[in-house]
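A quick write-up on the structure given underneath.
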Amino acid sequence: MHTAVQMYTLRTLDEPLIRTLERVAETPLDGAEIGADDATDDDVRTALENLDLGVPTIGAGFDDLETPEAGLVDACRALDVDRVVLGYLGPDHFESADAAEETADLVSGFVETLADYDLELLYHNHAHEFVDVGDGRTAFDVFLEHVDDRLRFELDVGWVGTGGQDPATVLADLGDRTPVVHVKDMHFDGEADFADLGEGDLDLAEILSVAFEQDVEWAIYEHDEPDDPVEALERDSQILVDAVEDARAGRSN
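For the sequence shown, counting from 1, position 86 maps to 86 in the working numbering; every step adds exactly one.
Printed below as a string of structure tokens:
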């Protein structure tokens, strides 16, 4: 399992992106998760190569997915990345069972479009996908029932917990459909109460144990609101890497 940071964690740093990537390269992490706009920058691509940082996925929005030939495909090819992440759909897309089914149809269309370019679409959740829509089901359940089976997930375990579900259970239930996990710690009884890794309600050891069972390829650290992004990166990257190594060792015993 490789480790990386979602660059959103470091967005408030007043410095060129390349300098921020240098900071990432100084940690024990293996890579950086970036967006489509940055992926099209020749200087950024050169820096990633020179710093030996892998890119697990490229983040994309609606415009990128509707017309991937306008830049997204070229960015993926340039970085040798075949996974694209749809990072956000608003609560209205999951406010009811009907809405979740319509959203599944929409996302399935994106899956089909990217498949034409041999690219795989992943969906990144927040908490609102897990709203109760009746009959003991969540909107996420309905979404899963109707979306194209080729859709895979970048499961954000912090948001899963905030949504009222057990992150390890959801990860296990998704099986091999989750090649990438966002490791985000949060206080689950709040709406958006972010925490430093190990300070919230996330059971990191359990998550990583399940992640190894499901052959998750990348564990990506993210903190939406760190008090000090540089300090958080340095501290939490080591915590994550150590936890991954502990989980790996546990599997071999």
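Glycine is no exception: its CB is placed at the ideal position from the N, C-alpha and C atoms.
Counting only unbroken stretches of 3 or more residues, the beta strand (DSSP E) elements lying wholly within the region 87 to 138 are 120 to 124 and 132 to 134, in sequence order.
DSSP assignment within the region 193 to 246 yields the following whole alpha helix (DSSP H) runs of 4 residues or more, N-terminal first: 204 to 213. Cβ atoms of I207 and P167 come within 8 angstroms of each other, at about 6 angstroms.
S209 is the residue among S209, D201 and L10 whose C-alpha sits nearest the C-alpha of V181. With respect to the 9 angstroms criterion, N125 and D156 are classified as neighbours on the basis of their beta carbons. For G90 against I58, the beta-carbon gap comes to about 21 angstroms, at or over 8 angstroms, which does not count as contact. Within the DSSP secondary-structure output, E33 pairs in a beta bridge with Q6.
Its Cα nearest to that of A70, the residue T40 stands out among T40, A232, A47 and L53. In this structure the region 73 to 88 touches the region 119 to 139; the number of beta carbon pairs closer than 8 angstroms is three or more. Rounded to the nearest whole angstrom, the C-alpha separation of D118 and T169 is 30 angstroms. For D52, there is no enclosing alpha helix (DSSP H), as DSSP gives it neither H nor E. For the pair G200 and G87, the Cα-to-Cα distance works out to about 23 angstroms.
For F62, the enclosing alpha helix (DSSP H) stretches over residues F62 to E66. Only exposed fits G190, as fewer than 16 other CB atoms lie within 10 angstroms of its CB. Listed in chain order, the non-local C-beta contacts of L197 below 6 angstroms within the same chain comprise D185, D236 and I239, local neighbours out to five positions each way being set aside. For F143, no pairing in a beta bridge is given by DSSP.
Cβ atoms of V5 and L233 come within 8 angstroms of each other, at about 6 angstroms. Restricting attention to beta strand (DSSP E) runs no shorter than 3 residues, the region 171 to 195 encloses them at 180 to 183, ordered along the chain. Scanning its chain for C-beta atoms nearer than 8 angstroms, with the 5 sequence neighbours on each side dropped, one finds around D43 the residues I18, in chain order. Per DSSP, the unbroken alpha helix (DSSP H) holding E22 starts and ends at L17 to A25.
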